[in-house]
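Engineer:
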Amino acid sequence: MYLPTRRGGLLGILPKVYYLLYFAAAASLTPFLPWYYLSVLGFSSAQVGAINTIRPALQLVAAPLISAVADASGHRMAILSITLVLSSLLRLSLALAHSFLAVAAITFGVAATGAAVVPLLDANVVNVVKAIGSDYGKQRLWGAVGWGTMAPMVGALIGATSMYSGFLLFALGQTALFVCLRLQPTSLAAPGSQPDAESGSVASTSASGSGSGSGSGSGSADGAAGTAAAADPAPLTARAWSSAKSTARKLAVLLASRERLVFLFCMFVLGSAFALISTFLFIFIEHVGGSTTLMGISLTVTCIAEVPIFQVSRQIIDKFGTGPILGIVHVVYIARLLGYSFITPGHAWWILAIEPLHGVTFGLLWAAAVAKAADMAPPGLDATSQAVTGAVHYGLGGICGSFLGGTVLVVLACLAPRQLFPNCTPRAGPGAARYIQLSAFDQDLGDIHASALFSTTSTLSDECWSGGSGESDILL
1 MYLPTRRGGL LGILPKVYYL LYFAAAASLT PFLPWYYLSV LGFSSAQVGA INTIRPALQL
61 VAAPLISAVA DASGHRMAIL SITLVLSSLL RLSLALAHSF LAVAAITFGV AATGAAVVPL
121 LDANVVNVVK AIGSDYGKQR LWGAVGWGTM APMVGALIGA TSMYSGFLLF ALGQTALFVC
181 LRLQPTSLAA PGSQPDAESG SVASTSASGS GSGSGSGSGS ADGAAGTAAA ADPAPLTARA
241 WSSAKSTARK LAVLLASRER LVFLFCMFVL GSAFALISTF LFIFIEHVGG STTLMGISLT
301 VTCIAEVPIF QVSRQIIDKF GTGPILGIVH VVYIARLLGY SFITPGHAWW ILAIEPLHGV
361 TFGLLWAAAV AKAADMAPPG LDATSQAVTG AVHYGLGGIC GSFLGGTVLV VLACLAPRQL
421 FPNCTPRAGP GAARYIQLSA FDQDLGDIHA SALFSTTSTL SDECWSGGSG ESDILL
């Protein structure tokens with residue numbers, strides 16, 4: 001099937017539609033689940049934290065593994081579609097689960113099957129935007145539009161009806177996304193169709209290739225082993241083993257880079273803060289007297305802040321570099337977490353004054369992270385590079401933020417949830433400031449000393465577990 005590749009053609013629209021539908025569907029369900037578990041199903045905060053630890057824990061393993069299989073096989077779109085359908089069906093089954101064990105088991109299945117959906121989608125969109133001469137940020141901002149548009153409506157709808165309204169809208173959005181994914185030609189999703197790493201030119205693809213892996217055209221080349229492997233008459237198992245070894249070598253190169261390790265550690269620290277907010281913010285809003293409508297509106301405010309950031313993200317990254325941007329995000333996260341502590345019961349709407357900081361802590365961060373992951377990816381490991389980045393940020397960081405946050409609420413007897421955020425951040429400032437000082441002089445992440453990041457993490461962790469001198473320091 002032929003589709004135009006100019007910016008105004010169908011390929012210029014599809015990436016925007018992907019993100020619009022995916023995040024509109026996600027906004028219908030995902031952010032309300034912790035509140036649903038706590039307020040409707042009656043789970044404890046520790047149980048909510050444990051459930052929200054399952055997904056990042058599995059993502060840490062499943063996302064790179066599934067993405068590596070997709071890269072090696074050359075069937076990214078097929079694997080993306082399959083994982084999308086399986087994870088969506090399992091997530092919908094949460095509507096039928098009412099016990100902690102049942103919810104935990106289903107969440108395990110959702111995490112195992114859906115861990116690679118976003119990395120595969122990101123890698124596919126990076127491929128498409130290179131082909132049409134656009135950039136990632138201008139596509140990804142439509143995810144913010146979908147999330148911000150849907151969240152307040154769903155929040156009000158859930159408040160007026162029940163959580164089942166969110167499940168229904170999620171099903172409709174994911175179904176529409178699956179249909180749209182089938183409109184894209186598979187040639188643009190194949191690892192072999194990536195632009196040349198050195199010249200930056202778009203590799204030629206064959207619109208009429210058979211896809212069997214044995215054709216002579218360059219568009220049917222295997223993404224991991226190359227054209228020679230695709231033409232090799234050796235048995236399929238031998239070619240698969242060769243491809244697997246090639247992928248393993250490239251993955252070793254990917255993780256052996258000092259620059260990459262420093263970058264991933266930074267993404268872990270920031271992912272911990274992201275998970276802390278994502279898991280417990282709605283619980284916090286309810287504690288200070290907010291409604292589900294306010295929860296939805298808060299998501300809209302965060303997305304409004306994301307849109308302009310994504311729109312100009314390419315220019316910001318080109319001007320300042322990834323290192324300084326990551327340092328700035330550290331400081332903005334600290335300001336955001338501390339800001340929550342000033343909101344007292346009865347003044348929940350002040351949350352809307354803090355949430356615009358999400359434009360920096362997520363919008364600018366993720367645009368820079370996707371660009372950096374794409375730049376550092378070895379040939380043929382585009383999706384794997386994105387998956388490793390996401391696994392560390394949402395997986396390892398998610399474990400720390402979700403589990404530690406839920407545990408702190410219990411261990412510190414934190415009956416006033418608004419004290420959770422400030423107790424996890426006050427002395428992280430010096431480490432973040434040192435990070436910015438270093439990164440401002442060294443644009444290359446490989447030249448940034450990791451000690452600044454360790455300082456940030458250790459002070460944050462120490463403060464989380466110190467909890468003040470007694471219960472009077474924690475509770476109002």
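Using the UniProt record's numbering, the final residue of the sequence shown is 476, and nothing's skipped along the way.
Positions of the beta carbon are idealized from the N, C-alpha and C atoms, including for glycine.
Assess contact between the segment 100-117 and the segment 312-331, defined as three or more Cβ pairs (one per stretch) separated by less than 8 Å. Is contact present?
Structural biologist: In short, these stretches do not touch, since the Cβ pair count stays below three.
Engineer: Give the list of continuous alpha helix (DSSP H) stretches no shorter than 4 residues that lie fully inside the segment 311-343.
Structural biologist: Qualifying alpha helix (DSSP H) stretches, in chain order: 313-320 and 322-340.
Engineer: Can you tell me the Cβ-Cβ gap for Ala387 and Ser67, rounded? I've got them flagged as a contact below 8 Å.
Structural biologist: Taking the sequence shown and counting its residues from 1, one reaches residue 387 at position 387. Taking the sequence shown and counting its residues from 1, one reaches residue 67 at position 67. The Cβ separation is near 4 Å, so the contact holds.
Engineer: Can you have a look at Asn23 and say buried or exposed, based on whether 16 or more other CB atoms are within 10 angstroms of its CB?
Structural biologist: The count along the sequence shown starts at 1 and reaches residue 23 at position 23. Looking at the sequence itself, residue 23 is Phe, so the reference to Asn does not match. Buried, because 16 or more other Cβ atoms sit within 10 Å of the Cβ of Phe23.
Engineer: Assuming Glu355 is part of the alpha helix (DSSP H), what are its boundary residues?
Structural biologist: Here residue 355 corresponds to residue number 355 of the sequence shown, with the count starting at 1. Note, Glu355: premise wrong, no alpha helix (DSSP H); not H, not E.
Engineer: What is the C-beta distance between Ala383 and Leu120, in whole angstroms, given that I count them as a contact (C-beta under 8 Å)?
Structural biologist: Here residue 383 refers to the residue found at position 383 when the sequence shown is read from its first residue. Here residue 120 refers to the residue found at position 120 when the sequence shown is read from its first residue. With 8 Å as the limit, Ala383 and Leu120 qualify as a contact, their Cβ atoms being about 5 Å apart.
Engineer: Within its chain, find whatever has a CB closer than 6 Å to the CB of Ser93; leave out the 5 residues flanking it on each side and keep chain order.
Structural biologist: Counting from 1 along the sequence shown, the entry for residue 93 is found at position 93. So the qualifying residues of the chain are Ile106.
Engineer: How would you label Arg182, buried or exposed, when you count the other beta carbons within 10 angstroms and need 16 or more for buried?
Structural biologist: Position 182 of the sequence shown, counting from 1, holds the residue named residue 182. Exposed: under 16 other Cβ atoms inside 10 Å.
Engineer: His287 lies in the alpha helix (DSSP H); which residues open and close that run?
Structural biologist: What you label residue 287 is simply residue 287 of the sequence shown in a count that begins at 1. That run of the alpha helix (DSSP H) goes Arg258 to His287.
Engineer: Quick check on the DSSP output: the alpha helix (DSSP H) that includes Ile173 runs from which residue to which?
Structural biologist: Taking the first residue of the sequence shown as position 1, residue 173 is located at position 173. It should be noted that the sequence gives Gly, not Ile, for residue 173. Tyr164 to Leu181 is the span of the alpha helix (DSSP H), which, as asked, contains Gly173.
Engineer: Identify every run of the alpha helix (DSSP H) within the segment 362-402, keeping only runs that are complete inside it and at least 4 residues long; order them along the chain.
Structural biologist: The segment 362-402 contains these whole alpha helix (DSSP H) runs: 365-376 and 382-390.
Engineer: Taking only three categories from DSSP, how would you classify Thr161?
Structural biologist: Locating residue 161 in the sequence shown gives position 161, where the first residue counts as 1. Coil, per DSSP.
Engineer: Out of Lys130, Val288 and Val154, which has the shortest C-alpha to C-alpha gap to Leu33?
Structural biologist: Working through the sequence shown from its first residue, we reach residue 33 at position 33. With distances taken between Cα atoms, Leu33 lies closest to Val154.
Engineer: Could you name the residues of the same chain whose beta carbon sits closer than 6 Å to that of Leu326, not counting the 5 residues immediately before and after it, in chain order?
Structural biologist: Looking up residue 326 in the sequence shown gives position 326. Excluding residues within five positions, the ones whose Cβ falls inside 6 Å are Cys266.
Engineer: How many Å lie between Thr30 and Gly166 at the Cα?
Structural biologist: Your numbering for residue 30 matches position 30 in the sequence shown. Your numbering for residue 166 matches position 166 in the sequence shown. Looking at the two C-alpha atoms, the distance is approximately 9 Å.
Engineer: Give the range of the alpha helix (DSSP H) segment to which Ser81 is assigned.
Structural biologist: The sequence position of residue 81 within the sequence shown is 81, counting from 1. Element bounds for Ser81: Arg76 to Leu92.
Engineer: If Lys16 and Trp142 are in contact, beta carbons under 8 Å, what's the gap, nearest whole angstrom?
Structural biologist: The residue you call residue 16 lines up with position 16 of the sequence shown. The residue you call residue 142 lines up with position 142 of the sequence shown. The Cβ separation is near 4 Å, so the contact holds.
Engineer: Put Pro119 into one of helix, strand or coil per three-state DSSP.
Structural biologist: Residue numbering aside, residue 119 sits at position 119 when the sequence shown is read from its first letter. Here Pro119 sits in helix by DSSP.
Engineer: Which whole-angstrom value is the C-beta distance of Ser134 and Gly114, which I expect to be below 8 Å?
Structural biologist: To locate residue 134, count along the sequence shown from 1; it is residue 134. To locate residue 114, count along the sequence shown from 1; it is residue 114. That belief does not hold up - the Cβ atoms of Ser134 and Gly114 are roughly 27 Å apart, past 8 Å.
Engineer: Going by the CB atoms, is the gap between Lys138 and Phe310 shorter than 8 Å?
Structural biologist: Here residue 310 is taken as the residue at index 310 of the sequence shown, counted from 1. Here residue 138 is taken as the residue at index 138 of the sequence shown, counted from 1. Yes. Within cutoff.
Engineer: Applying the 10 Å Cβ sphere with the 16-neighbour rule, what's the burial state of Leu96?
Structural biologist: Taking the first residue of the sequence shown as position 1, residue 96 is located at position 96. Exposed is the call here.
Engineer: Could you say if the segment 347-358 and the segment 366-380 meet the contact criterion of at least three C-beta pairs nearer than 8 Å?
Structural biologist: These segments do not touch.
Engineer: Let's see if you can read the secondary structure: which residues bound the alpha helix (DSSP H) around Pro56?
Structural biologist: Taking the first residue of the sequence shown as 1, we reach residue 56 at position 56. First-last of the alpha helix (DSSP H) with Pro56: Ser45 to Ser73.
Engineer: Looking only at its own chain, which residues have a Cβ that is under 6 Å from the Cβ of Leu21, when we skip the five neighbours before and after it?
Structural biologist: Translated into the one-based positions of the sequence shown, residue 21 becomes position 21. Contacts found: Gly173, Ala176 and Leu177.
Engineer: Quick check on DSSP: helix, strand or coil for Ala97?
Structural biologist: Locating residue 97 in the sequence shown gives position 97, counting from the first residue. Residue state, collapsed to three classes: coil.
Engineer: When burial is assigned at 16 or more other CB atoms within 10 Å of the CB, is Ile82 buried or exposed?
Structural biologist: Here residue 82 corresponds to residue number 82 of the sequence shown, with the count starting at 1. So Ile82 counts as exposed.
Engineer: What is the DSSP secondary structure of Ser28, reduced to helix, strand or coil?
Structural biologist: Locating residue 28 in the sequence shown gives position 28, counting from the first residue. Looking at Ser28 - three-state DSSP - the assignment turns out to be coil, as it is neither helix nor strand.
Engineer: Please report the straight-line C-alpha distance between Pro56 and Leu270, rounded to a whole angstrom.
Structural biologist: By one-based count along the sequence shown, residue 56 stands at place 56. By one-based count along the sequence shown, residue 270 stands at place 270. So the alpha carbons of these two residues sit roughly 14 Å apart.
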